[in-house]
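Structure first, commentary second.
In our numbering, the protein residues as written are -11 to 310.
Shown next as structure tokens:
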């Protein structure tokens, strides 16, 4: 079990919290175990007292899962993990995801096809990792029939300028966002579904001027066909409803004319981005950041130019959203 300490705070945070979230926080727990400190009002917590490199017990995995289901985003700082140790940890949380399309395979950690390098570093004339991951608000893998459940990103190199870390990651609680949605808007989206598309994601980035990725080939498009998911999805563990549409991968709302679909999506995305739902993570070397893709979305901040940044990412698959 987890002992709760500290007060909620952080950039973009305030004192509000939905009744359902407060009930989750009030669950009984014992003192003396790992310490869990909330980082913002809507989501995010730091978990202290775990050394994941010394071996992952079932108790440690349960502790992390419990924290994830309360807070959506959990950071375990000061870790020293080999690729195998990070992979072993994630295998405790669920079935590990394979690379989702052929081009991404070139960015896997050597010897670890289930682990992606996220980096802007160039060696011998080629990028060693995926350099543009997270450029739009998204949850990982929504363009797949079985979207990601959990993602773990481990910081090996963090860019700094004048003693301050750069390359922060923003997270928003899609569960809190749904709870705060006006009743009229809840009625508009109830029972509706949306089309998620990796091809749309790449095309949208290029339309916005981000040309770091080439257009998908026909073969790559065939690897990743469009999928349809409910706009309001129920978390498979907590039972909370959350908004399951993202700026990065949602192409349109099924059954609506294009203009009406675009207008409704923009309204939902603006709501999801509201400051009271957001936690901003400032990275340190040794951070292992784990998030629940069925309760959050995230956005990478590209403010570090050519300063080196390197991380290892592992994801687990979840059930079909419902």
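We put the beta carbon where it would ideally sit given N, CA and C, even for glycine.
Between the CA atoms of residue j and residue i - distance to the nearest angstrom
i           : j           : result
residue 214 : residue 241 : 13 Å
residue 305 : residue 79  : 11 Å
residue 147 : residue 172 : 44 Å
residue 282 : residue 223 : 6 Å
residue 39  : residue 177 : 43 Å
residue 26  : residue 108 : 31 Å
residue 143 : residue 231 : 28 Å
residue 343 : residue 268 : Residue 343 cannot be examined here, being either before or after the span of the chain that is shown, -11 to 310.
residue 167 : residue 102 : 35 Å
residue 272 : residue 95  : 22 Å
residue 111 : residue 117 : 10 Å
residue 154 : residue 289 : 8 Å
residue 19  : residue 228 : With a pLDDT of 48 at residue 19, under the threshold of 50, the predicted position of this residue should be treated as unreliable, and no value is reported.
residue 312 : residue 156 : Given that the chain is displayed from residue -11 to residue 310, the structure contains no residue 312 and the question cannot be resolved.
residue 82  : residue 104 : 17 Å
residue 323 : residue 244 : With the chain covering -11 to 310 only, the question about residue 323 has no answer from this structure.
residue 53  : residue 302 : 15 Å
residue 293 : residue 149 : 11 Å
residue 180 : residue 37  : 43 Å
residue 296 : residue 250 : 37 Å
residue 287 : residue 257 : 13 Å
residue 266 : residue 219 : 20 Å
residue 236 : residue 189 : 6 Å
residue 46  : residue 203 : 43 Å
residue 212 : residue 123 : 20 Å
residue 145 : residue 33  : 22 Å
residue 248 : residue 106 : 36 Å
residue 185 : residue 70  : 33 Å
residue 226 : residue 119 : 33 Å
residue 114 : residue 255 : 40 Å
residue 291 : residue 66  : 24 Å
residue 151 : residue 274 : 17 Å
Best match in the options for proximity to residue i [C-alpha to C-alpha]
i           : options               : result
residue 209 : 219, 191 and 119      : 191
residue 140 : 293, 276, 289 and 285 : 276
residue 35  : 266, 58 and 294       : 58
residue 73  : 206, 94 and 49        : 49
residue 125 : 233, 22, 303 and 295  : 233
residue 279 : 159, 83, 96 and 100   : 159
residue 128 : 262, 33 and 86        : 86
residue 135 : 294, 115 and 238      : 238
residue 308 : 216, 245, 113 and 188 : 216
residue 206 : 56, 218, 187 and 220  : 187
residue 29  : 235, 76, 163 and 106  : 163
residue 246 : 182, 175 and 284      : 182
residue 322 : 76, 137, 113 and 254  : In the structure displayed, the chain extends from -11 to 310; residue 322 sits before or after that span and is not available.
residue 84  : 291, 138 and 184      : 138
residue 284 : 175, 51 and 130       : 130
residue 299 : 97, 33 and 32         : 97
residue 310 : 253, 221 and 263      : 221
residue 253 : 66, 174 and 151       : 174
residue 264 : 152, 169, 270 and 274 : 169
Any chain C beta carbon closer than 7 Å to residue i
i           : result
residue 294 : Among the chains of the structure shown, chain C does not appear; only one protein chain is present.
Continuous alpha helix (DSSP H) stretch holding residue i: start and end
i           : result
residue 171 : 171 to 177
residue 252 : 246 to 260
residue 229 : Not the alpha helix (DSSP H): residue 229 falls in the beta strand (DSSP E), residues 229 to 231.
residue 56  : 46 to 59
residue 71  : 71 to 81
Endpoints, beta strand (DSSP E) assigned at residue i
i           : result
residue 159 : 157 to 161
residue 264 : First-last for residue 264: undefined, no H or E at that position.
residue 208 : Run containing residue 208: none in the beta strand (DSSP E); it sits in the alpha helix (DSSP H), 206 to 211.
residue 287 : 284 to 288
residue 222 : 220 to 222
Those residues which DSSP pairs with residue i across a bridge
i           : result
residue 238 : 184
residue 104 : 96 and 301
residue 278 : 62 and 140
residue 84  : 304
residue 130 : None; residue 130 has no bridge partner.
residue 29  : Residue 29 pairs with nothing; no bridge assigned.
residue 189 : Note: residue 189 sits in no beta bridge, so no partner.
For residue j and residue i, believed in contact at Cβ under 8 Å, the rounded distance
i           : j           : result
residue 260 : residue 165 : 5 Å
residue 56  : residue 62  : 6 Å
residue 68  : residue 41  : 5 Å
residue 31  : residue 161 : 4 Å
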